[in-house]
Amino acid sequence: MRIGFIGPAPPFRGGISRFAVRLALELQSEGHQVRMFSFIRQYPALIFPGKSQTAQSSDGEGLEIENVLTPYDPRTWNRALSAIRDWQPDMVIVSYFLPFFAPAYTYLCKRLSNTKRVVLAHNIEFHERWMGANLMTKKLLRHCEKIMVLSQACHSDLKRIMPKEIANQGVLGFHPVYDSYPETQIGRQGYPDRDKTLLFFGLIKPYKGLDVLIKAMQQVHKRLPDLRLTVAGEVYGKAEVYAKLIRSLGLEDVVQTHFRYIPEDEVASFFRSASLCVLPYKSATQSGIIAMSYNFDLPVIVTDAGGLNEYVEEGETGLVVLANDPEALAAGIIRCYEENLCERMSKAVCGHKHRYSWKSLATLVLEP
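If you use this note's numbering, the sequence shown closes out at 419, no skipped numbers anywhere.
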């Protein structure tokens, strides 16, 4: 089968690009012909809050990637359509995560009526407010035969927000565990402080709840003064907001910050140097950070926001606490270390993560 992907691919960075590449590689390994129809430019500079939209990466090696589409420039849409038609795919998989992309995607999917169209919907309801979001999403989904979602929470959003004839196209999938990060040459024994280190990792936006975690660390520090928090990720907004909060709580020696994009060759060292990953999200559907943590056998603490808890076996692979509640989060962290849960949960993660394979997700995508 010839399978085309529409959406971000390397060198565009981020979880959506990485997810699409990993799924594409899985499908290619199973004998399918795969080509990624990616962006020329992804966002206008004026609305992009980060420092760079691209990064050097080994992601995508071995894949055909064609940069044909600028979503906000309709002059490129027909060129992208021609490129896809010329390749004659049997199926296209559309990576959908923001209403910003819906008009361009709708234009393409409406005109690819002889091709099976699958939307890989990372979100149906969005973290930020978008004018006309539901209407734009509905227009796109009307032109697709299958809508793959990655959590029950997202599936519920689909059924709640969209008309029945669209919601009935929804298929519940899952977020597989990432397994493609370059491994550090330093074993766990090379990080003597890992048993006293928490990790917050990934892109930092307000809904990720880093402020809640910093406030929780004030309580944690009183009970467990040797415990430290590492924060690693680029801030979308002003990093000074978090730096000021850390200073105001007297946590300069407790919270170590790396407010920058973390390239793939550094990812393993951050996860290997911690014993617990914390996701204090205020809202969520699912998270690639859990998939990354499990890859490194790292247990997690997540909130009960959205579908995060669907990927956690309570007390086995992690803990679930109330969202937007520093006291509940602090209590969960303290419990993990006072009851010595991290090592036991790490072993459980090792046995648990194989349930979420890319091969199984690829099978779901290809099912009629």
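The C-beta atom is built at its ideal place from N, Cα and C for all residues, glycine as well.
A quick note: this is a predicted structure, and the numbers were derived from the prediction, not measured.
DSSP lists L249 and V306 as the bridge partner or partners of L280. One alpha carbon belongs to T157, the other to R69, and they sit about 23 Å apart. Per DSSP, the continuous alpha helix (DSSP H) segment holding V318 begins and ends at E315 to R323. Taking a cut-off of 8 Å on C-beta distances, the segment 163 to 179 does not touch the segment 109 to 127, as fewer than three cross pairs fall below it. The beta strand (DSSP E) runs lying completely inside the segment 342 to 403 and spanning 3 residues or more are 351 to 354 and 369 to 372, given in chain order. In this model, I385 and P350 are separated by some 14 Å (Cα to Cα). Proximity to K215 across F225, I198, Y229 and S202 peaks at I198, based on C-alpha coordinates. Judged by beta-carbon spacing, D244 lies beyond the 8 Å limit of Y293, meaning their Cβ atoms are not closer than that value.
Distance check between N174 and each of K161, K410, S202 and C160 places S202 closest, using alpha-carbon atoms only. Within the segment 124 to 199, complete alpha helix (DSSP H) segments of at least 4 residues are found at 128 to 138, 153 to 162 and 184 to 192, given in chain order. Distance from the CA atom of L223 to the CA atom of S207, rounded to whole angstroms, is 10 Å.
Non-local beta-carbon contacts of K333 in its own chain, meaning distances under 8 Å to residues more than five positions away in sequence, involve P257, Y258, K259, G260, V263, T354, A356, A374 and N375 in chain order. Taking C-beta separations shorter than 6 Å and ignoring five residues to either side along the sequence, the partners of H226 in its chain run L201, Q337 and A342, following chain order. By the beta-carbon neighbour count (other beta carbons within 10 angstroms, threshold 16), D348 is buried. Approximately 11 Å separates the beta-carbon atoms of A204 and K210; this is outside 8 Å, ruling out the contact.
When DSSP states are grouped into helix, strand and coil, G339 belongs to the helix group. Residue range Q84 to F90 is occupied by the beta strand (DSSP E) that includes M87.
When DSSP states are grouped into helix, strand and coil, G55 belongs to the strand group.
Around the beta carbon of P61, 16 or more other beta carbons lie within 10 angstroms, which makes this residue buried.
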